[in-house]
Amino acid sequence: MPHPSSLAGPKADDAARYAAGLSLIFFGGLVLSIDIPLIRLSESGFATVVFVRGALSFLVAVLLWALLGRGGRAPLIAGRLGLAVTGLYALATLTFLLAVFMTKAANLVFILALNPMFAALLSWAIAGEKPSRATLLAIPATLLGVFLIVGAGLDGSAWLGDLAALMTAFLIALALTLARRSRQDMRYASAIAAIVPALLALPFVIAGGGLQSEAIGWLVINGGIVMPLALICLAAGPMFVPSPVVSMGYLVETVLAPVWMWMIFFERPSALSLTGGGLIIATLLAHSLVELRGRRAPQRAS
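Heads up, the sequence shown is in our numbering, so the first residue is 787 and it goes up one at a time.
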């Protein structure tokens, strides 16, 4: 399947393609934001969560690939570079799980928010895409928003877990950048990679006497619908927009997940959390409007 950037004229289609990419990644981030609430609703053991989410995400991705690709089927793994990108996503999942065990949630969320900065630097160095001024301004603004959300809970004692979180942010940024540079359709890479942690969790599930869950239906919804949909949308983002912009889509979860937790479990976020979330949303909206206006300006001038 040809890359979308090679399908149409340079100016009019550029703005439409960029708008489609923004819609895709923000929808992916929106869907991803209900991941944590669904896990909480399922009341499941950790190994059960990892296995069910990973296995179902993988199976659904393969099923979608088989059913939806009858005409011009997107590759499940796009060559050697696609294999590398899938491997990076799998490794990122493993470092993420290590960070979950070894550092505080606040540290993890804040460090993962470095993803857009890494993506901007890697995109410049590897893909030759210099970040726009709007992107360079948006990155520190979103970092400030994340700091307001989690700053009170930051802890400097768990340095090994923090390092794992930092590796996660870097690996995701590198995967997005390589996918962008390849100009190949790698929408399934992230969901396919989910099988790796699932296989690693399987022995623990067996040793624990099987799946441990009070309401496994929520976990099935999460692994069978939410995760594959979110992962495929976000992994498809580099076909349309630069990798730093795709990385910002992941921040939507940072903002909205606490809101859903408030609505479902009455875990009210602090005033600073609400302020930080508002700053992130405002920054992402402003960034999107500026970028779209910049791409439409040449079209109006012509």
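Even for Gly, the Cβ is constructed at its ideal location relative to N, Cα and C.
Computed from a predicted structure; not experimentally measured.
Q) Per DSSP, S999 is paired with what? A) S830
Q) Which of helix, strand or coil does DSSP assign to M1013? A) helix
Q: Determine the closest residue to T879 out of I811, R966, W910, M1013, with distance taken between C-alpha atoms.
A: M1013
Q) Can you give the Cα-Cα distance for T1040 and R1079, rounded to whole angstroms? A) 26 Å
Q: Just confirm the distance between the C-beta atoms of A980 and T1069, as a whole number of angstroms; I'd bet it's less than 8 Å.
A: The Cβ separation is near 30 Å, so there is no contact.
Q) For F896, which residues from the same chain have a beta carbon less than 7 Å from its beta carbon, with the 5 sequence-adjacent residues on both sides left out? A) V932, F933, V936, L940
Q.
Could you check whether R966 and P917 sit closer than 8 Å to each other, using their CB atoms as the reference points?
A. no
**Q.** Distance, A841 Cα to L929 Cα
**A.** 33 Å
Q) Short check: CB of A961 to CB of L874, under 8 Å? A) yes
Q | Integer Cβ distance of T872 from I978, believed to fall under 8 Å | A | 6 Å
Q.
Less than 8 Å between the C-beta atoms of I1018 and R973, yes or no?
A. yes
(Q) On a Cα-Cα basis, can you pick out the residue from L964, A993, V982, A1016 that is closest to R866? (A) L964
Q: In angstroms with no decimal places, state the Cα-to-Cα distance between G1063 and V1032.
A: 18 Å
Q | Proximity test, Cβ basis, 8 Å: E915 and chain D | A | Absence of chain D from the displayed structure is noted, only one protein chain being present.
(Q) I want to check one thing, is the minimum distance from the CB of G1023 to the heavy atoms of the ligand GTP below 7 Å? (A) Among the ligands in the structure shown, none appear at all, so the ligand GTP cannot be discussed.
Q.
S819 and L1075 - do their beta-carbons sit closer together than 8 Å?
A. no
Q. Which runs of the beta strand (DSSP E) fall wholly inside the segment 891-968 and span at least 3 residues, in chain order?
A. none
Q: Return the chain-ordered list of same chain residues with a C-beta closer than 7 Å to the C-beta of A1001, the five sequence neighbours on each side being excluded.
A: L827, S828, E829
Q: Assign G947 to one of two classes, buried (16 or more other C-beta atoms within 10 Å of its C-beta) or exposed (fewer than that).
A: buried
**Q.** Own chain, CB closer than 6 Å to S792, minus 5 neighbours either side, in chain order
**A.** Low confidence applies here, because S792 scores a pLDDT of 42, under 50, leaving its location unreliable; read the following figure in that light. Closer than 6 Å at the Cβ level, and outside the excluded window around S792, lies no residue.
Q: Could you check the C-alpha separation between A891 and S943 for me, to the nearest Å?
A: 13 Å
Q. Excluding sequence positions up to five away, which residues of its chain have a Cβ less than 7 Å from the Cβ of P1055?
A. P1044, W1048
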